[in-house]
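As they're listed, the protein sequences go chains A and B.
Quick note on the UniProt record's numbering: the first sequence kicks off at 1 and runs consecutively.
Quick note on the UniProt record's numbering: the second sequence kicks off at 1 and runs consecutively.
Every residue, glycine too, gets a C-beta built ideally from N, C-alpha and C.
No experiment lies behind these values; they were computed from the predicted model shown.
Everything below concerns the one structure shown next.
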Amino acid sequence: MAHATTHAPETRQGPKIPVLEREKLILNGRSYHWITDRICSVVENKQPAIWWLLFIPSALIALIGVVGGLSILVSTGVGVWGMTNTVFWGWDITNFVFWIGIGHAGTLISAILFLTRQNWRTSINRAAEAMTIFAVCCAGIFPAFHVGRVWFAWFLAPVPNANAVWQNFKSPLLWDVFAVSTYFTISLIFWYLGMVPDLATIRDRCKPGLRKLLYGIFSLGWRGGNRQWSHYEMAYLLLAALSTPLVLSVHSVVSFDFATSVVPGWHTTIFPPYFVAGAIFGGFAMVLTIMIPARYIYGLQDMITMKHIDNMAKIILMTGTIVGYAYLMELFVAFYSGAMYEAAAFKYRLTGPFWWAYVAMMSCNVLSPQIFWFKWCRENLWVVMGVCMCVNVGMWFERFVIICTTLARMFLPADWGYYTASPVEIMLFLGTIGMFLALFLLFLRFLPCINIAEVKWTLLESDPHFDDHHDHPDHGVKREAAYQHELKSAHKA
Amino acid sequence: MSTTRKRVYGYLAEFKSASALYKAAEKVRDAGFRKWDCYSPYPIHGLDKAMGMKRSILPWFVFFGGITGTCTAFTLAYSTQVVIYPTVVQAKPANIFTVPAFFPIMFELTILFSGFTVLFGLLALMKLPRLNHPLFASRQFHRATDDGFFIAVEARDAKFSPEGTRSFLENIGGASIELVEEEES
Chain A
1 MAHATTHAPE TRQGPKIPVL EREKLILNGR SYHWITDRIC SVVENKQPAI WWLLFIPSAL
61 IALIGVVGGL SILVSTGVGV WGMTNTVFWG WDITNFVFWI GIGHAGTLIS AILFLTRQNW
121 RTSINRAAEA MTIFAVCCAG IFPAFHVGRV WFAWFLAPVP NANAVWQNFK SPLLWDVFAV
181 STYFTISLIF WYLGMVPDLA TIRDRCKPGL RKLLYGIFSL GWRGGNRQWS HYEMAYLLLA
241 ALSTPLVLSV HSVVSFDFAT SVVPGWHTTI FPPYFVAGAI FGGFAMVLTI MIPARYIYGL
301 QDMITMKHID NMAKIILMTG TIVGYAYLME LFVAFYSGAM YEAAAFKYRL TGPFWWAYVA
361 MMSCNVLSPQ IFWFKWCREN LWVVMGVCMC VNVGMWFERF VIICTTLARM FLPADWGYYT
421 ASPVEIMLFL GTIGMFLALF LLFLRFLPCI NIAEVKWTLL ESDPHFDDHH DHPDHGVKRE
481 AAYQHELKSA HKA
Chain B
1 MSTTRKRVYG YLAEFKSASA LYKAAEKVRD AGFRKWDCYS PYPIHGLDKA MGMKRSILPW
61 FVFFGGITGT CTAFTLAYST QVVIYPTVVQ AKPANIFTVP AFFPIMFELT ILFSGFTVLF
121 GLLALMKLPR LNHPLFASRQ FHRATDDGFF IAVEARDAKF SPEGTRSFLE NIGGASIELV
181 EEEES
């Protein structure tokens, strides 16, 4: 390394490029200390009454739904899941795909928006990653118990078992086992490593005691020295680069469960991109569904600004439109391919006994986000919440339409049936919603819900050349963001 | 037991902003110190260069970790599906032409092994986890994770001297300079 640039020229010559001022990511000129204080106070102060009002019912629903529902299932058998003799993949696989899809927005925000240098991600990535982890926990329950005798679920792992038969590595179901477990592990590592400096912040604010000890253990002795940050930043970049193809692969592999079979309505090449777009769409809606109330309850409006909500609403609009395109393209292909069974499958989706599910899917997923073309709709939080709830419902119906309605109308008319969920199945689904909310509330209670270190980094004064700029003659005329400044010096070099 | 001996860890100096820290880091580097570090609440981009540090070598570990994952998955799938226990399921062959069906798992294990290498490689390079550190004894260091910018020069640096380093840190703009000591048992 040459150290010739030690004394960088204090004034920069050359043409002045007019730069549009960016919308600020942190409002009201908040200081570093204010940011630390506000985020840590969520963890350090007593929780507001609303926290308990939400947590107690969620935890109860989780307890009854998940623990109770699974106890009935394990003690009786998978028959209690109301799977009729043609529809063996009912609500359980629907819920599995639904929850795993929810998780995708978290990884998109933390990895893809990191690689594309979208600094606004810093305010929401922590909560979105937590959402990913909890959604994958909920998702994992369904296939694990769907195998029937759950105590044999270890047969899925590639270890020699008593039958001396190895797992079928050619099966998309085994691919799924690997994809989902890898996704969970990598998301957990990403989430945890991202949290280490912030746990250290909480540790340093604690009085000596049990809390300090626990936060101290989980923050691993982090000191924030640049010799640590340097490796840490590289690790973060690597994890982002690894997670990006991973997140695209997970829902693609989930879609292979369907697409590699020869069932009409499933056997299409459009499935992987269509599933991934749908997952991001549904995930962003869920991020907004939980972040808008959290932001209000904990007074985080200066960090999760209307700009963030606007950006996410635009992503929902875009991915919703992609999903709508995929729906229409499915119909078109069913018509244009001339494949009789494919055409029949879609005819039954539209006009068969499950037409109401198809209508719910179309109106919630394709029509409702279209109002985000209007700025006032993206600025009105009630409208945003309304659309997000529609999308949450619509994305569940999308999976229901794909899975249940297809299986209820397969090749043999003699097998045709109507699928209704059993009470135990409904219990378990509601239970996972409770579990998801309860876990998220515990996350808000014990862990820093916004990435403290990275949010500080988005402030203009975090740029090591900010003072040079500050003293520059143009000060007050043009304020440039850190990266624009770097861009200019890179051009010069 | 009568007296606790203390060992000097080094000097800790505070700087008022990221810019001040950056400029001071360049001066500490040019003065030829080796055992020192800059502490900040967030990563300051460009500070590596100002400190004269090399790029992290973590990607190399991860590259080999990833390759290990790919090979593990291939060996696992190929040896069990083709060599040891060839099974024809869904008319998919059990020979070399079945390899494309192994790609998803090869991909997943590549990512999984790489991810673990990132985690453990990072911990090894950062020399973490550790339960304590002399700097935690400082009365102001807790602000490094909040809004403080610090430089610590360690006593084990060859250029360290009790008076000289203190005045050096003062000259480059350091404030509230503190001698950090660790208790020796």
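For the options B:E170, B:R166 and B:T145, the alpha carbon positioned closest to that of A:V196 is the one of B:T145.
Judged by beta-carbon spacing, A:M389 lies beyond the 8 Å limit of A:I290, meaning their Cβ atoms are not closer than that value.
Here the segment 346 to 355 of chain A makes contact with the segment 399 to 413 of chain A; the two share three or more CB pairs at distances below 8 Å. Counted as a single uninterrupted DSSP element, the alpha helix (DSSP H) harbouring B:K27 occupies residues A18 to D30.
For B:F150, the three-state secondary structure derived from DSSP is strand. Contact of A:K456 with chain B by beta-carbon distance below 7 Å involves P41 and Y42. Runs of the alpha helix (DSSP H) lying entirely within the segment 242 to 304 of chain A, each at least 4 residues long, are 271 to 297 in chain order. A straight-line Cα-Cα distance of about 29 Å links A:L447 and B:E108.
No Cβ of chain B is located within less than 8 Å of the beta carbon of A:K207. When beta bridges are read from the DSSP output, B:L179 appears opposite B:Y11.
The three-state secondary structure of A:K307, taken from DSSP, is helix.
A:G282 counts as buried, since no fewer than 16 other beta carbons sit within 10 angstroms of its beta carbon.
When DSSP assignments are scanned along the segment 95 to 129 of chain A, no uninterrupted stretch of alpha helix (DSSP H) that is 4 or more residues long falls wholly within it. Of B:D157, B:E26 and B:F113, the smallest CA-CA separation from B:Y9 is found for B:D157. In this model, A:Y32 and B:F74 are separated by some 49 Å (Cα to Cα). At a C-beta separation below 8 Å, B:V89 has these neighbours in chain A: N168, K170 and S171. Note on A:A162: under 16 other CB atoms within 10 angstroms of its CB, so exposed under the neighbour-count rule.
When Cβ pairs closer than 8 Å are counted between the two stretches, the segment 186 to 204 of chain A is seen to touch the segment 216 to 226 of chain A, the count reaching three or more. For B:C38, the enclosing beta strand (DSSP E) begins and ends at W36 to Y39.
Closest by C-alpha distance to A:I292, out of A:M306, A:A279 and A:I280, is A:M306. Counting along the chain, no alpha helix (DSSP H) covers A:Y419, and no H or E run does either.
Proximity of B:P59 to chain A, defined by a Cβ-Cβ separation below 8 Å, is satisfied. Any Cβ of chain B closer than 8 Å to the Cβ of A:L220 would place that residue at the interface, and such an atom is present. It is roughly 10 Å from the alpha-carbon of B:A137 to the alpha-carbon of B:L179. In this structure, A:S75 keeps its C-beta atom at 8 Å or more from the C-beta atom of A:I133. Shown here for B:F64: same chain residues with a beta carbon closer than 8 Å to its own, the five before and five after excluded, namely T117 in chain order.
Along the segment 436 to 457 of chain A, the positions whose C-beta sits under 9 Å from a C-beta of chain B are I452, A453, E454, V455, K456 and W457, read in chain order. By the Cβ neighbour-count rule, A:G278 is buried, with 16 or more other Cβ atoms within 10 Å of its own.
Residue contact with chain A for B:I96: absent (no Cβ-Cβ distance below 8 Å to any residue of chain A). Counting C-beta atoms within 10 angstroms of its own C-beta, A:F88 has fewer than 16 neighbours from the protein chains shown and is therefore classed as exposed.
Under the DSSP assignment, A:L70 falls in the alpha helix (DSSP H) whose first and last residues are G69 to T76. Residue pairing by DSSP places A:K46 in no beta bridge whatsoever. Closest by C-alpha distance to B:I111, out of A:N311, A:V180, A:L54 and A:M427, is A:V180.
Collapsing the DSSP output to three states places A:K375 in a helix. The three-state reading of DSSP puts A:G324 in helix, counting H, G and I together.
Under the three-state reduction of DSSP output, B:R130 falls in the coil class, being neither helix nor strand.
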